[in-house]
Amino acid sequence: LLDVAVMVERVPPQVTFPLRQRVLRPGQSLDRILLPGEDSDISGNFVARDNETGEVLSTGSVWPEPPPWVPSSPTHSEHAHHGPVEVPELALELTGPAGETCWRLRGMATAEDRRGEGLGKMVLDAIVAHAEQNGATLLWCNGRVRAIPFYERGGFRGLGELFEEEAFGPHLLMWRPLREEMT
Ligand SMILES: CC(C)(COP(=O)(O)OP(=O)(O)OC[C@H]1O[C@@H](n2cnc3c(N)ncnc32)[C@H](O)[C@@H]1OP(=O)(O)O)[C@@H](O)C(=O)NCCC(=O)NCCS
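Next up, the structure:
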């Protein structure tokens, strides 16, 4: 059951780093945890925090970044080994030619002993709202295999085949439309 003493708030990127490092990047030092694109005024870093202790229980971040099926995307080449992927009509419509209204979700992590309580969903809802308020039409991520059911519950669908991300195992490119009138 959801603890009423948990609140979601927008925070500077650094507040998300300890939990992100522990859950997602245990081998990396804290000064390498900042992700490209994250340190901008428009990027949104969100945490679910225990109101009483201040402990960060779940975290996730979002910022504008064209998805890999847009050739100008910085992540295009990472995905090149995919070969051609058939991108659904709706995704193409929402992407637009330069992908400028697409946002990327990264760094979703919930504390090991607090999973399955809806905390990740609270963070994801805040991320969706932030992206929508800033004009986003599509949200995408590279989901780790074990997190695919979480993203599917959050309205994402997979695109293409599983691919290996060095050191982080198999991932699936996932996306969802934003804004109710488009879903
Ligand atoms: C993925 C992760 C962030 C999910 O966070 P969480 O706080 O446990 O998720 P929630 O409790 O908010 O779950 C939201 C919904 O997803 C579902 N869900 C979450 N994980 C699931 C799983 N492994 N299998 C099936 N359903 C799952 C929940 O049942 C819930 O569904 P509901 O809305 O119908 O009740 C968390 O498991 C985690 O930190 N995993 C390790 C790090 C990781 O892999 N992060 C993703 C990197 S891409």
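The sequence shown stops at residue 184 when you use the numbering used here, and every number in between is there.
All C-beta atoms in this analysis are idealised placements derived from N, C-alpha and C, irrespective of residue type, glycine included.
Is residue i near ligand 1, in the sense that its beta carbon is under 7 Å from a heavy atom of that ligand?
| i | result |
| --- | --- |
| residue 120 | yes |
| residue 144 | yes |
| residue 69 | no |
| residue 21 | no |
| residue 185 | Nothing about residue 185 can be read from this structure; the chain reaches only from 2 to 184. |
| residue 75 | no |
| residue 151 | yes |
| residue 8 | no |
Give the straight-line distance between the Cα atoms of residue i and residue j, rounded to the nearest whole angstrom.
| i | j | result |
| --- | --- | --- |
| residue 177 | residue 53 | 34 Å |
| residue 154 | residue 122 | 9 Å |
| residue 146 | residue 55 | 30 Å |
| residue 173 | residue 161 | 7 Å |
| residue 140 | residue 40 | 18 Å |
Per DSSP, residue i is paired with what?
| i | result |
| --- | --- |
| residue 157 | BP columns for residue 157 are empty, so no partner. |
| residue 33 | Paired residue(s): none; residue 33 is not in a bridge. |
| residue 177 | 140 |
| residue 171 | 165 |
| residue 47 | 11 and 61 |
| residue 107 | 62 |
| residue 145 | 172 |
Taking 8 Å as the limit between beta carbons, can you name the residues of its chain near residue i, skipping five residues before and five after?
| i | result |
| --- | --- |
| residue 8 | 49, 50 and 52 |
Is the beta carbon of residue j closer than 8 Å to that of residue i?
| i | j | result |
| --- | --- | --- |
| residue 111 | residue 125 | no |
| residue 62 | residue 107 | yes |
| residue 57 | residue 20 | yes |
| residue 105 | residue 64 | yes |
Leaving out five residues on either side along the sequence, give the residues of the same chain with a beta carbon under 7 Å from the beta carbon of residue i.
| i | result |
| --- | --- |
| residue 86 | 70, 160 and 161 |
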